[in-house]
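Take a look at the structure below.
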Amino acid sequence: MQQQPQYAQQPQMMMAPGQPMMMDPNMQMAAPQPQIVHAQYAPTDIANMVWPRTPTMVVCPHCNQREPTKTEKMRTDKQCCLCCLMSFIGCCCIPYMIEDMYKVQHSCANCNEPLGAAMPK
């Protein structure tokens, strides 16, 4: 007859139903290893971008800096026409009081090159 080799018995964990599992105090837990993630920013295609009315984070195609845009409100022809029409009833300043009627010009905060504009609604 051939004898079977004896193996060292692994410690068994016993737990009663409904009880939390108890760990062997001699058991070592592996510490999670930190992961290094390198963020890569894809250049924003500003030619086809729909510009918001607030500063937005872009990569400037002129200086390649990634930073928020600088915004500036600009009057539109529509405001001027409405001002002329409303001057007959004495309300010529109302078109200039409505924020959504302004064009918002975005430019790079680093090199001041114009990037795009949010048109009035």
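Residue numbers (the UniProt record's numbering): 1 to 121. Glycine is no exception: its CB is placed at the ideal position from the N, C-alpha and C atoms.
Handout entry: Chain-order list of residues whose beta-carbon lies under 8 Å from that of Lys-78 (same chain, five-residue window excluded)
Key = Locating residue 78 in the sequence shown gives position 78, counting from the first residue. Once the five neighbours on either side are set aside, the close Cβ partners of Lys-78 are Pro-95, Met-101, Pro-120.
Handout entry: Length of the line joining the Cα atoms of His-38 and Arg-66
Key = Residue 38 sits at position 38 when you count from the first residue of the sequence shown. Residue 66 sits at position 66 when you count from the first residue of the sequence shown. Because the pLDDT at His-38 is just 48, under 50, the model does not fix this residue reliably, and the value given afterwards should be weighed accordingly. Going by the C-alpha atoms only, they are around 16 Å apart.
Handout entry: Simplified DSSP assignment, three categories, for Glu-67
Key = Translated into positions along the sequence shown, residue 67 becomes position 67. Looking at Glu-67 - three-state DSSP - the assignment turns out to be strand.
Practice task
For the beta strand (DSSP E) containing Lys-103, list its first residue and its last residue.
Solution key: Mapped onto the sequence shown, residue 103 falls at position 103. Note, Lys-103: beta strand (DSSP E), 103 to 108.
Exercise for the section: Provide the residue(s) that pair with Gly-90 in DSSP beta bridges, ordered along the chain. Expected result: In the sequence shown, residue 90 corresponds to position 90, counting from 1. DSSP lists no partner for Gly-90.
Problem - As assigned by DSSP and simplified to three states, the class of Pro-120 - result: Working through the sequence shown from its first residue, we reach residue 120 at position 120. Residue state, collapsed to three classes: coil.
Handout entry: 7 Å Cβ cutoff met for Thr-69 and Val-58
Key = Walking along the sequence shown from the start, residue 69 turns up at place 69. Walking along the sequence shown from the start, residue 58 turns up at place 58. Cβ distance < 7 Å, so Thr-69 and Val-58 count as in contact.
Problem - Thr-76 to Ile-98 span [Cα, whole Å] - result: Within the sequence shown, numbered from 1, the residue matching residue 76 stands at position 76. Within the sequence shown, numbered from 1, the residue matching residue 98 stands at position 98. Their backbone Cα atoms lie some 12 Å apart in a straight line.
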